[in-house]
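Chemist: Okay, handing you the structure first.
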Amino acid sequence: MILRAALAWMVMFGMAQAATCEDVTYADNAYSICTVDMNTETLRLFLNDDAGVPYGHFGILNNALQGTGKKLGFAMNAGMYHENRSPVGHHIEDGVEIMRVIPNAGPGNFGLLPNGILCLQDKQANVIETLRYLDEKPACTYATQSGPMLVIDGELHPRFLATGTSRYIRNAVGTTADGATAVFAISNDTVTFHEFGS
Numbered sequence: 001m002i003l004r005a006a007l008a009w010m011v012m013f014g015m016a017q018a019a020t021c022e023d024v025t026y027a028d029n030a031y032s033i034c035t036v037d038m039n040t041e042t043l044r045l046f047l048n049d050d051a052g053v054p055y056g057h058f059g060i061l062n063n064a065l066q067g068t069g070k071k072l073g074f075a076m077n078a079g080m081y082h083e084n085r086s087p088v089g090h091h092i093e094d095g096v097e098i099m100r101v102i103p104n105a106g107p108g109n110f111g112l113l114p115n116g117i118l119c120l121q122d123k124q125a126n127v128i129e130t131l132r133y134l135d136e137k138p139a140c141t142y143a144t145q146s147g148p149m150l151v152i153d154g155e156l157h158p159r160f161l162a163t164g165t166s167r168y169i170r171n172a173v174g175t176t177a178d179g180a181t182a183v184f185a186i187s188n189d190t191v192t193f194h195e196f197g198s
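Counted from 1, the sequence shown has number 46 at position 46 by the working numbering; the numbering is strictly sequential.
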């Protein structure tokens, strides 16, 4: 069984300052939107502690960071994971590949193509379609593969129909074309993919 992204146990992290966050309402649905300036913030992924045990909760991670004089400035779940908290798809942490890229279609949301990979590099964040990622082979310090891509070249994913009935709390990340800004969104109520992406 694959855990939905909203239940995953990995976080994104801004260490320099808190990200700029706001609550917005669009089409009668409430969302929290956080913007990260990659020139002034440090964005990271955290999966396991030093003993290899998944953090599991933001509070546990924040306590571990406080022991090093740091604290969470912003946190959101990222990626998709098996019940044992191992990544379903590509995962890089501190430049080390923990899980390979999964390029093929498959069951559930993860296998709905096209899907993408968030690649974090020095002062850059980019969401890259999986097959393009494999071709370009970017040197990511941190990366997580999730699926499916919500918006592709300004267009809603072709499988996200207005008639869709699957409603969950959903989250996503988008980046500016230059990679200098990452924008994270999470629905505060259950929404369809079509509602979330439009």
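Here a beta-carbon is modelled for each residue, glycine too, at the ideal position from N, C-alpha and C.
#1: Could you tell me whether any non-hydrogen atom of the ligand COA is closer than 7 Å to the CB of serine 187?
#2: Which same chain residues end up closer than 6 Å to glutamine 145 when comparing Cβ atoms and leaving out the 5 residues on each side of it in sequence?
#3: Should methionine 38 and asparagine 171 be called a contact, given that it needs their Cβ atoms to be closer than 8 Å?
#4: On the criterion of 16 or more Cβ atoms from any shown chain inside 10 Å, does glutamate 83 qualify as buried, or is it exposed?
#5: Take the Cβ of glutamine 124 as the centre, count every other Cβ of all protein chains shown within 10 Å, and call the residue buried at 16 or more, exposed below.
#6: Under 8 Å Cβ to Cβ from proline 103, same chain only, skipping five residues before and after it: list those, please.
#7: Span of the alpha helix (DSSP H) holding histidine 90?
#8: Under a Cβ-count criterion, where at least 16 other Cβ atoms within 10 Å of its own Cβ denotes burial, should serine 86 be classed as buried or exposed?
#9: Let me check understanding here. Comparing Cα to Cα, which of Gly67, Pro158, Thr35, Tyr81 lies closest to leucine 47?
#10: Roughly how far, in whole angstroms, is the beta-carbon of threonine 165 from the beta-carbon of threonine 192, given that I think they are within contact range, below 8 Å?
#11: What are the start and end residues of each continuous alpha helix (DSSP H) run of 4 or more residues lying completely inside the segment 30-87, in chain order?
#12: Within a Cβ cutoff of 8 Å, which residues of the same chain sit near cysteine 21, ignoring the five residues on either side of it in sequence?
Modeler: Short version:
#1: As far as ligands go, the structure on display features none, and thus does not contain the ligand COA.
#2: In the sequence shown, residue 145 corresponds to position 145, counting from 1. Sequence-distant partners of glutamine 145 (beyond 5 residues in either direction) whose C-beta falls short of 6 Å from its own C-beta, in its chain, are Gly89, His90, Ile117.
#3: The count along the sequence shown starts at 1 and reaches residue 38 at position 38. The count along the sequence shown starts at 1 and reaches residue 171 at position 171. No. Outside cutoff.
#4: Position 83 of the sequence shown, counted from the first residue, corresponds to residue 83. Flag for glutamate 83 reads exposed.
#5: Position 124 of the sequence shown, counted from the start, is the residue given in the question as residue 124. The residue is buried, with at least 16 neighbouring Cβ atoms inside 10 Å.
#6: Taking the first residue of the sequence shown as position 1, residue 103 is located at position 103. For proline 103, where only same-chain residues beyond five positions count, the Cβ hits under 8 Å are Thr130, Leu131, Leu134.
#7: As a first step, residue 90 must be located in the sequence shown, where it is residue number 90. Per DSSP, histidine 90 belongs to no alpha helix (DSSP H) and is neither H nor E.
#8: On the sequence shown, residue 86 is found 86 positions in, with the first residue counted as 1. Serine 86 comes out exposed.
#9: Indexing the sequence shown from 1 puts residue 47 at position 47. Leucine 47 has its Cα closest to that of Tyr81, out of Gly67, Pro158, Thr35, Tyr81.
#10: On the sequence shown, position 165 is the one that residue 165 refers to. On the sequence shown, position 192 is the one that residue 192 refers to. The pair is a contact, with the Cβ atoms about 7 Å apart (cut-off 8 Å).
#11: The alpha helix (DSSP H) runs lying completely inside the segment 30-87 and spanning 4 residues or more are 58-66, given in chain order.
#12: Position 21 of the sequence shown holds residue 21. Only Ser32, Ile33, Cys34, Thr35, Phe74 meet the Cβ criterion.
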